[in-house]
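Number of protein chains: 2
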Amino acid sequence: MLKRYLLTPGPTPVPPQVALRMAHPLVHHRTPEFEQLFAEVQEGLQWLLQTANDVLILASSGTGAMEAAVANTCAPGDTAIVVNGGKFGERWLKICHALGVRTVPIEVEWGQAVTPTAVEQALRAHPHARAVLMQASETSTTVLHPVEPIAAVTRHSDTLLIVDGITAVGATDMPMDRWGIDILLTGSQKALMLPPGLAFIALSAKAWRCAEHARVPRFYFDLRRERKEQQRHTTAYTPAISLIYGLHEVLRLLREEGHAHIFARHARLAAATRAAVQALGLQLLAPTAPSPAATGVWLPATINGSQLLTYMRDRMGVDIAGGQDHLKGKILRISHIGYVGPFDVITAISTLEMALARFGYPVELGRGVRAAEEVLLEGWPTPRQPS
Amino acid sequence: MLKRYLLTPGPTPVPPQVALRMAHPLVHHRTPEFEQLFAEVQEGLQWLLQTANDVLILASSGTGAMEAAVANTCAPGDTAIVVNGGKFGERWLKICHALGVRTVPIEVEWGQAVTPTAVEQALRAHPHARAVLMQASETSTTVLHPVEPIAAVTRHSDTLLIVDGITAVGATDMPMDRWGIDILLTGSQKALMLPPGLAFIALSAKAWRCAEHARVPRFYFDLRRERKEQQRHTTAYTPAISLIYGLHEVLRLLREEGHAHIFARHARLAAATRAAVQALGLQLLAPTAPSPAATGVWLPATINGSQLLTYMRDRMGVDIAGGQDHLKGKILRISHIGYVGPFDVITAISTLEMALARFGYPVELGRGVRAAEEVLLEGWPTPRQPS
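Residue numbers (the working numbering), protein chains in the order written: chain A, 789 to 1175; chain B, 789 to 1175.
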């Protein structure tokens, strides 16, 4: 009897009330009932992305929205500046290569954030670059990149700022319109607490102008066609109906909570996790610009990280992500995005403490949990009438 | 966004695979399909109760099975010896009073177990007593009563031993036939990991002989009628169909795990909980005969226990039971029965540590968790290839 805990940065746990909503009997998508539901989630997504632009809903993973962003703004032969500081920065490069878009990578050490200066220099060197492509939160390295100052650079140029907000939107403040992001996209399986299968993408007026002239061949991801349909609260192709029911419930929950509380919740869990792993004597992968979505931790060199993670998952029931590519076996990534609460952090840290002990690493049991508790306690108010 | 944890000793959490099974489309109960299902759960229940007797399934709470036990064995004016060491001991008394059965209570201090000697003495003083009524695990005081030695006394007398096994069956060894228990009953919402709504009751040959002569008026709980139907794999009245689907899945899970592992699992979580609360300097309610189902803890006298529990539930999202009657506000009861794992114990202890701190009680954060971790670690094997 192994009770399972999903503490990976996507998919993330689905709240029971959302799972129930997704069990709603399927309705046909070409009906007034579904169009009403669709209109409501569209408005909720604008609230979530903090934008007056249309937020299009795609039946795809986040990668589909990334491809759509490039395909709808670039032409083969165009140049894109790509912030490459992890697995998902690399994905921008791969998409560009597949679509014939030339790339100017800004190489960033895994675990570090890009500097606005580096982007500014690349833009000066390539003033006709069609777009800067970046992650807000690079999930593979648990880094939060500085979107706001980079947007301050791009917004006065002809270059678009295209931001993969997959593990940022709904976890940290990412106001599309106020900052001047040209394309902001995200997916369903992160802060939105849904199963994978939906992606969301919004384009500024400046980005839509590019879309009219983009010459990458595209059909499913042709956002002009999609916008035309979605402005009438329907979709070009079959929508993922049950996920949209779930999305409706998620947006209700999130709006009830409010932006400030949502961001504070993620910040608190992230801070508790960082304090805990440092109290255990472990090093953060991204100490200077940590993501609110997940915390990367260097494992002791004596520990085989892959074995440790397998042990945690198969013996202890706790699924924590490891590293990718050259970080595989060397780090773990504790997620705290989405439907995750204080006791998920406690569970992750307790798992880590016990697993390290089982693997012979000298660890003081309870020490990481204590550090997490000290941070978490600050988030609970003093009782009204303490006895 | 408050993530909720149910750590009360009934209802207990329902495993997701069981919840899914209960969503099975309803089938009519007078069909071969349902009778097949019913036959399989009957056989599984015999395995669970470790008995060759028929185990009858009632659509009722556990209290219904308690009433059925008395109503089918006693006549008005009969005498029953009642072990009264908590809220559920009192319930036996109330049932007897309602049905006109005279009672000889053995008063046991809340938090203590009855002694077999006390039962022996009561039996000597009342040799014609129809039955001894007791709890195996008294949920209100988190005490485990000594059923086996008491059964050794009753089995050679004309008196029946009737055991409420509601928080014992499926949590600790309670072999009905080997020990010579005459009636063993339990409910669905404890170790069986189901929602409330089903009760189970098995009678020995000696108990069935009494049932033929019992003269308490009864209709719904007439077990003779129920046995006649259930021997044909159907029920006298409408069964709780969806719960029986869930039961089928639960019994599959439990049999896959096996008796020894089930009991070891509960013992491990109980031991970890006891170690943790003692490490926090708190006293156990039942130090000498602790139940495997839940651990009762005396709260510091300076703490208003009702406020503390409300804070834990409403602010922290963790539902832990308090005390009943004269223990209300003075104790809490941490459940570890049913679909509960090591990280539920960690969550309960972490909640307690932080809540005590918030209420101004001097507590060393992490100390209880560490003590729990030390016990829990013993249950995880050394990795095959520690690095």
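All residues carry an ideal CB built from backbone N, CA and C; glycine is no exception.
None of these values were measured; they are calculated from a predicted model.
Inter-residue Cα distance where the pair is residue i and residue j
i	j	result
Ile954 of chain B	Leu980 of chain B	10 Å
Met922 of chain A	Pro1005 of chain A	23 Å
Glu1014 of chain A	Val902 of chain A	33 Å
Arg1158 of chain A	Pro803 of chain B	29 Å
Asp1102 of chain A	Leu790 of chain A	8 Å
Ile894 of chain B	Leu932 of chain B	16 Å
Arg1155 of chain B	Arg818 of chain A	58 Å
Pro1130 of chain A	Leu1164 of chain B	21 Å
Tyr1033 of chain B	His812 of chain B	7 Å
His1047 of chain B	Gln1095 of chain B	39 Å
Asp952 of chain A	Leu1068 of chain A	33 Å
Pro797 of chain A	His1124 of chain A	7 Å
Thr1140 of chain A	Ile1091 of chain A	Checking the sequence shown, residue 1140 of chain A turns out to be Leu, not Thr. Straight-line Cα distance between these residues: approximately 12 Å.
Trp967 of chain A	Cys998 of chain A	19 Å
Leu846 of chain A	Glu1017 of chain A	12 Å
Pro799 of chain A	Gln1066 of chain B	38 Å
Thr930 of chain A	Arg1121 of chain A	8 Å
Pro984 of chain B	Gly975 of chain B	7 Å
Leu1144 of chain B	Leu1115 of chain B	18 Å
Ala940 of chain B	Ala807 of chain A	51 Å
Terminal residues of the alpha helix (DSSP H) in which residue i lies
i	result
Val935 of chain B	Val935 to Thr942
Glu823 of chain A	Pro820 to Leu837
Ala1134 of chain B	Note that residue 1134 of chain B corresponds to Ile in the displayed sequence, not to Ala. Pro1130 to Arg1146 is the span of the alpha helix (DSSP H), which, as asked, contains Ile1134 of chain B.
Ile883 of chain A	Lys875 to Leu887
Met854 of chain B	Gly850 to Ala859
Ala910 of chain A	Pro904 to Ala913
Ser945 of chain B	Looking at the DSSP string, Ser945 of chain B is not in any alpha helix (DSSP H), and its letter there is neither H nor E.
Minimum C-alpha distance to residue i - residue among the options
i	options	result
Pro1007 of chain B	B:Met854, B:Glu1162, B:Thr796 and B:Asn860	Just to set this straight, residue 1007 of chain B is Phe in the shown sequence, not Pro. Among B:Met854, B:Glu1162, B:Thr796 and B:Asn860, the Cα nearest to that of Phe1007 of chain B is on B:Asn860.
Ala755 of chain B	B:Leu808, B:Gly873 and B:Gly832	The question about residue 755 of chain B has no answer here: the residues shown for chain B are numbered 789 through 1175.
Asn841 of chain A	A:Ile969, A:Gln977 and A:Gly1154	A:Ile969
Arg875 of chain A	A:Ser925, A:Ile1091, A:His1054 and A:Gly1156	It should be pointed out that residue 875 of chain A corresponds to Lys in this sequence rather than to Arg. Among A:Ser925, A:Ile1091, A:His1054 and A:Gly1156, the Cα nearest to that of Lys875 of chain A belongs to A:Ser925.
Asp965 of chain A	A:Pro915, A:Ala990 and A:Pro984	A:Ala990
His1036 of chain A	A:Leu814, A:Arg792 and A:Leu833	A:Leu833
Trp835 of chain B	B:Pro1080, B:Pro813 and B:Leu1042	B:Leu1042
Asp1113 of chain B	B:Trp898, B:Ala910 and B:Pro1088	B:Trp898
Ala863 of chain A	A:Leu844, A:Arg879, A:Trp1168 and A:Val889	A:Val889
Val1262 of chain A	A:Thr1135, A:Ile1134, A:Lys1116 and A:Pro1088	The requested residue 1262 of chain A does not occur in the structure, where chain A is confined to residues 789 to 1175.
Trp1168 of chain B	A:Tyr1127, A:Thr800 and A:Tyr1099	A:Tyr1099
Leu973 of chain A	A:Ile1108, A:Ile1122, A:Gly1117 and A:Met854	A:Met854
Met962 of chain A	A:Arg809, A:Ile938 and A:Asp1107	A:Ile938
Leu794 of chain B	B:Thr1170, B:Asp1132, B:Pro1171 and B:Arg1172	B:Asp1132
Val843 of chain B	B:Arg1012, B:Leu949 and B:Ile1134	B:Arg1012
Gln977 of chain A	A:Asp1107, A:Gly850, A:Glu1162 and A:Arg1121	A:Gly850
Ala1082 of chain A	A:Ala1058, A:Leu1097 and A:Leu1070	A:Ala1058
Ile869 of chain A	A:Phe988, A:Ala856 and A:Gln909	A:Gln909
Gln1019 of chain B	B:Pro801, B:Glu936, B:Gln830 and B:Val815	B:Gln830
Thr891 of chain A	A:Leu1039, A:Thr905, A:Pro904 and A:Ala913	A:Ala913
Residue(s) in a DSSP beta bridge with residue i
i	result
Ser925 of chain B	B:Leu932
Tyr793 of chain A	A:Val1106
Glu1014 of chain A	None, per the DSSP bridge assignment.
Phe988 of chain A	A:Ile845 and A:Thr974
Asp952 of chain B	B:Gln923 and B:Leu973
Gln1071 of chain B	B:Trp1086
Val870 of chain B	B:Pro893 and B:Leu921
Ser1094 of chain A	Per DSSP, none; premise fails for Ser1094 of chain A.
Pro1078 of chain B	B:Val931
Val957 of chain B	B:Thr960
Boundaries of the beta strand (DSSP E) in which residue i is found, first to last residue
i	result
Trp1086 of chain A	Ala1082 to Trp1086
Ala999 of chain A	No beta strand (DSSP E) holds Ala999 of chain A; the alpha helix (DSSP H) holding it covers Ala993 to His1001.
Arg1121 of chain B	Ile1119 to Ser1123
CB contact below 9 Å: residue i versus chain C
i	result
Tyr1033 of chain B	No chain C appears in this structure, whose protein chains are A and B.
>> Can you pull out the residues from the region 1132-1151 of chain B whose beta carbon lies closer than 7 Å to at least one beta carbon of chain A?
In response: Ile1134, Thr1135, Ser1138, Glu1141, Met1142, Ala1145, Arg1146, Phe1147 and Gly1148
> What residues in the region 1150-1165 of chain A bring their beta carbon closer than 9 Å to a beta carbon of chain B?
Replying inline: Glu1152, Leu1153, Gly1154, Arg1155, Gly1156, Val1157, Arg1158, Ala1159, Ala1160, Glu1161, Glu1162, Leu1164 and Leu1165
> Given a limit of 7 Å on CB to CB distance, which residues of the region 806-837 of chain B reach chain A?
Replying inline: none
> Any residues in the region 916-929 of chain A with a beta carbon nearer than 9 Å to a beta carbon of chain B? Which ones, in chain order?
Replying inline: none
> Any residues in the region 994-1023 of chain A with a beta carbon nearer than 9 Å to a beta carbon of chain B? Which ones, in chain order?
Replying inline: none
> What residues from the region 971-987 of chain B come within 7 Å of chain A, judged by C-beta to C-beta, listed N to C?
Replying inline: none
>> Please list, in chain order, the residues of the region 1117-1132 of chain B that have any C-beta partner in chain A closer than 9 Å.
In response: Tyr1127, Val1128, Gly1129, Pro1130, Phe1131 and Asp1132
>> Taking beta-carbon pairs under 7 Å, can you tell me which members of the region 1053-1069 of chain B lie near chain A?
In response: Arg1053
> What are the residues of the region 1034-1047 of chain B that lie near chain A, defined by any Cβ-Cβ distance shorter than 9 Å?
Replying inline: Leu1041, Leu1042, Glu1044 and Glu1045
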